[in-house]
Amino acid sequence: MNTSAFRVMGGKPLRGTVQVQKAKNAILGMIAASIVAEEGETVLHGVPNIEDVQRAFELLRAVGAKVNHDELNGTVRIDASSVTTGILPEETAAKFRGSVLFLAPLQIRLGYVELPGSGGCDIGTRKIDFHHRGFARLGARVQYFEDGRTVIDLENRRFTGTSLYLDLPSHTGTENLMFAAAMADGQTILENASVEPEVLDFGNFLIGMGADIRGLGTHTLLINGVEKLRAIEYTPMPDRLVTGTVMVATAITGGDVTIRDVEPDHLRIVIAKLEQMGVSIEVDGKSIRVFRPRNRDLNPINIQTDFYPGFPTDLQPCFAALSSVARGTSYIRERVFDNRYDYVDALLQMGADIIISQNDVCIIKGVNKLRPARIRAESIRAGATVLLATLAANGESIIENVYQIDRGYEDVEYLLNQLGADITRIETQPAPAIAW
52 MNTSAFRVMG GKPLRGTVQV QKAKNAILGM IAASIVAEEG ETVLHGVPNI EDVQRAFELL
112 RAVGAKVNHD ELNGTVRIDA SSVTTGILPE ETAAKFRGSV LFLAPLQIRL GYVELPGSGG
172 CDIGTRKIDF HHRGFARLGA RVQYFEDGRT VIDLENRRFT GTSLYLDLPS HTGTENLMFA
232 AAMADGQTIL ENASVEPEVL DFGNFLIGMG ADIRGLGTHT LLINGVEKLR AIEYTPMPDR
292 LVTGTVMVAT AITGGDVTIR DVEPDHLRIV IAKLEQMGVS IEVDGKSIRV FRPRNRDLNP
352 INIQTDFYPG FPTDLQPCFA ALSSVARGTS YIRERVFDNR YDYVDALLQM GADIIISQND
412 VCIIKGVNKL RPARIRAESI RAGATVLLAT LAANGESIIE NVYQIDRGYE DVEYLLNQLG
472 ADITRIETQP APAIAW
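Below you can see the structure in the form of structure tokens.
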């Protein structure tokens with residue numbers, strides 16, 4: 052069976068001006084939330100044509116909603132008036148982790164939801180039992196079956212407001228429980244909530260639908276349940292992770308790129324770390340200019356990931372690629388996911404000098420240059436990382452399993468080729484099995 056791959060001719064500095072897509076991590080929750088609108092159409096603008104969004108559309112159609120996605124302008128129209136089932140099909144739900152965002156909407160709309168499992172990137176332990184515990188505190192009954200199914204149902208079709216505390220300020224956990232509380236009977240206090248920009252965008256979307264949510268942007272949310280939410284028209288925020296990826300791509304190739312229509316405040320720590328490495332940044336309103344002469348050495352860096360406003364775990368792999376060609380030794384400590392170093396083997400194939408210490412610190416000693424190689428994208432962000440590395444390596448590289456990159460980046464080869472990259476999408480045959 053043929054699979055998509057990228058052929059990358061590296062060594063070309065990126066130059067020019069681009070605009071990035073809207074935020075996947077905000078949009079997936081909005082797509083799921085549209086289920087509760089029993090009348091009218093939910094209209095979202097600028098929705099990227101990426102694999103995770105397509106999986107969300109498949110789940111919507113599987114439960115009975117009608118979806119129209121104009122891929123040319125990114126406008127999506129969702130009519131959820133005909134939703135009839137709360138059973139999420141395994142063949143779709145198991146492909147991406149965003150399926151967990153369908154739990155609250157289906158309980159609210161139908162009184163139950165059945166989830167076979169959730170997929171996504173294998174980047175460590177990302178249990179969702181705390182979602183289930185939150186639903187239970189709000190009055191749901193959670194049942195686990197030996198075949199792996201989870202069934203959650205509401206006896207009276209309504210959640211009941213209560214006090215909730217998240218052990219970790221989880222993005223999806225906050226969205227799920229905030230949404231459940233938005234249509235509960237009474238008031239809910241949700242403590243240790245995520246303050247990620249995408250969560251705020253999702254919260255503002257719910258407020259537009261008629262929710263009463265107070266405290267967005269703080270770790271304590273006060274939510275007064277309402278009887279009904281309505282379909283609305285909404286434009287999500289720009290994707291700060293795609294923006295950050297383009298910024299690092301510019302730095303690693305020694306280029307000069309301006310990214311328009313972004314939110315620089317969402318990337319303050321990313322900007323600070325790039326400047327520490329010797330990359331020049333200019334912020335002008337909603338634009339960010341990134342530039343580094345190719346003869347300017349990069350400084351090593353220390354990074355410790357954390358929940359927002361800390362350094363974003365999703366951009367840690369990209370900075371590992373950048374650190375691989377810095378002058379000196381960099382140290383990266385991953386504190387959010389326990390398998391986020393899934394890019395290391397690929398970078399080692401390209402000549403990087405990386406070790407993982409006994410206390411799980413990624414130690415990167417910069418090399419003069421990376422060499423081209425045939426490598427594989429193991430996850431969305433690992434895929435972005437190896438793509439950055441191939442852009443910096445002189446010569447031809449092949450990146451296999453680019454489905455992972457396509458899950459989060461819309462037409463990334465077109466985006467980067469606008470700036471002078473040389474990336475071609477090709478079809479390849481999987482490597483033959485080795486007979487022993």
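Just so you know, we're using the numbering used here here: the sequence shown kicks off at 52 and counts up by one. Where a beta carbon is used, it is the ideal one built from N, C-alpha and C, also for glycine.
Query	Result
Environment of residue 196 [buried if 16+ CB atoms lie within 10 Å]	exposed
Status (buried if at least 16 other CB within 10 Å, exposed otherwise) for residue 355	exposed
Nearest neighbour of residue 148, chosen from 402, 476, 459 and 312 [CA to CA]	459
Residue 477 and residue 468 closer than 7 Å at C-beta	no
Same chain only: Cβ atoms within 8 Å of residue 257, ignoring 5 sequence neighbours per side	84, 229, 230, 233, 264 and 280
Proximity winner among 150, 271, 100 and 227, relative to residue 113 (alpha-carbon distances)	150
Identified DSSP bridge partners for residue 81	Residue 81 pairs with nothing; no bridge assigned.
Selection from 238, 385, 100 and 105 that minimises the alpha carbon distance to residue 123	100
Cβ shell of residue 259 (< 7 Å), same chain only, five flanking positions each side left out	283 and 285
Per-residue burial, residue 278 [other beta carbons within 10 Å of its own, 16 or more giving buried]	exposed
In DSSP terms, what residue 444 is bridged to	Answer is none; residue 444 lacks a bridge partner.
Option in 59, 136, 58 and 72 with minimal Cα separation from residue 87	136
Option nearest residue 67 by Cα separation, candidates 309, 439 and 441	309
Reduced DSSP category for residue 286 - H, G, I as helix; E, B as strand; rest coil	coil
Residues of its chain near residue 130, where Cβ-Cβ distance is below 7 Å and the 5 sequence neighbours each way are ignored	92, 116 and 117
Cβ contact (3+ pairs, closer than 8 Å) linking the region 363 to 372 and the region 435 to 452	yes
Straight-line gap, residue 379 to residue 417 (C-alpha atoms, nearest Å)	5 Å
CA-to-CA distance, residue 125 to residue 383, given in whole angstroms	36 Å
Contact under 7 Å by Cβ, residue 415 with residue 56	no
First through last residue of the alpha helix (DSSP H) which encompasses residue 229	222 to 233
Reference residue 161, options 189, 426 and 132, closest by Cα	132
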